[in-house]
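Everything on this sheet refers to the single structure shown next.
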Amino acid sequence: MYIFADSGSTKTNWVITDNLGAVIDEFKTIGLNPYFVSKHKIIASVSESFPGQLNPLVVEEVFFYGSGCGNKDNFEHLREALSDYFFNAKVNIFSDMLGTARAIFKNKEGVAGIIGTGTNSCLYNGESIAKNAISLGYVLGDEGSGAYIGKMFAKLYLEKRLSPELSEKIYSETGQDHSSILSAVYSSPHPNRFLASFCPFIKDNIENAQLQEIIKVSFERFFEKYVLIYKDFDKYDLGFCGSIAINFKDFIEPIAEKYNINKPIFINKPLEGIIEYHQMTK
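With the numbering used here applied, the sequence shown covers 189 to 470.
This is the structure:
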């Protein structure tokens with residue numbers, strides 16, 4: 189058996205396959221970003237969720253793609269935890285950015301982007317990352333992300349720069365006001381997730397011109413920081429994964445067209461492409 193994982197900061201999707209890539213089972217755990225989760229917590233989470241009818245000791249190889257896994261020095265405790273649980277398996281750990289690129293392009297080159305709660309991009313050569321954008325996180329960067337969009341939205345709302353009708357609807361549907369938003373942003377453990385939580389409201393009310401402008405500006409800045417930085421960017425195919433990219437792709441496509449980039453590829457489930465990539469490269 190083989191195990192493939194796609195891990196963000198909030199959840200991890202796992203797929204178990206046979207030697208031919210056919211899916212045997214799937215399960216979910218909490219996000220296993222090694223910056224935030226201890227070795228003990230990793231083992232406990234996997235142990236609680238691993239399908240009871242299967243034996244982890246017969247797993248031959250683990251392919252783990254996750255946020256926070258770009259720095260080898262940072263994820264050794266993650267490797268140890270997975271090696272302890274899948275005792276007989278070879279454990280491979282890669283960044284979520286590489287997973288996105290492999291899922292989209294397989295063995296072809298292109299520019300891959302993640303647009304979810306956070307953002308990142310890379311120039312991919314068909315096997316590995318040739319060049320990576322500089323990702324500064326939601327405080328200093330993450331243009332185009334759910335957190336960035338939510339920050340723009342919350343700022344306009346709190347500064348009373350949205351129309352009275354829209355502001356009333358925001359309060360009616362979310363219950364958020366000046367006090368609760370500032371408290372969540374400055375006191376909660378995950379303010380980036382809180383800010384991104386406004387995106388469903390924005391999606392549901394996207395006919396509003398002010399909300400459309402927020403999305404357009406946010407994605408223009410994403411292209412400036414994460415796409416146009418690559419030499420000859422318009423010569424490469426462009427692909428995205430992430431909930432924000434999927435939900436707002438109608439705003440992304442015109443920007444790509446403006447820069448003479450082919451219509452972007454959007455994928456919803458990176459693990460399917462990752463499994464296919466590893467079957468191709470066996």
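For each residue, glycine too, the CB sits at the ideal point set by N, CA and C.
All values reported here derive from a predicted model rather than from experimental measurement.
At least 8 Å separates the beta-carbon of I303 from that of G219.
Per DSSP, reduced to three states, the secondary structure at G219 is coil, with no helix or strand assignment. One thing to note: L266 has its Cβ no nearer than 8 Å to the Cβ of V250. Contact annotation: the segment 370 to 381 does not touch the segment 411 to 420, with fewer than three C-beta pairs closer than 8 Å. Taken through DSSP and simplified to helix, strand or coil, S226 comes out as coil.
Judged by their CB atoms, A289 and Y312 are nearer to each other than the 8 Å cut-off.
The continuous beta strand (DSSP E) containing I303 extends over residues G298 to I303.
Under the DSSP assignment, K357 falls in the alpha helix (DSSP H) whose first and last residues are P352 to T362. Exclusion of the five residues before and after Y345 leaves S355 and I358 as the residues of its chain whose Cβ lies within less than 7 Å of its Cβ. By the CB criterion at 8 Å, L383 and K339 fall inside the cutoff. By the C-beta density criterion, V203 is buried, having at least 16 other C-beta atoms within 10 angstroms. Pairing D213 with M189, the inter-Cα distance amounts to about 10 Å. Judged by DSSP in its simplified three-state form, L344 adopts helix.
Taking N456 as the centre and dropping the five residues before and after it, the same chain places the C-beta of I434 closer than 6 Å to its C-beta, in chain order. Secondary structure of D213 (DSSP, three-state): strand. C-alpha of E331 to C-alpha of C310: approximately 15 Å in a straight line. No Cβ-Cβ contact shorter than 8 Å links V299 with Y223.
Under the three-state reduction of DSSP, Y273 is assigned to helix. For V327, the enclosing alpha helix (DSSP H) covers residues G325 to L328.
Beyond the five residues adjoining it in sequence on each side, F263 comes within less than 6 Å, by CB distance, of P222, C257 and I281 in the same chain, given in chain order. With fewer than 16 other beta carbons inside 10 angstroms of its own, Q241 counts as exposed.
Annotation: D420 to A444 spans about 14 Å, alpha carbon to alpha carbon. Look at C429 here: in three-state DSSP terms it is strand. With a cutoff of 8 Å on beta-carbon distance, M285 and I322 are scored as not near each other.
If you check the CB distance, F215 and P244 do not come in under 8 Å. Looking from the CA of E464, the closest CA among F454, V211, K229 and E248 belongs to V211.
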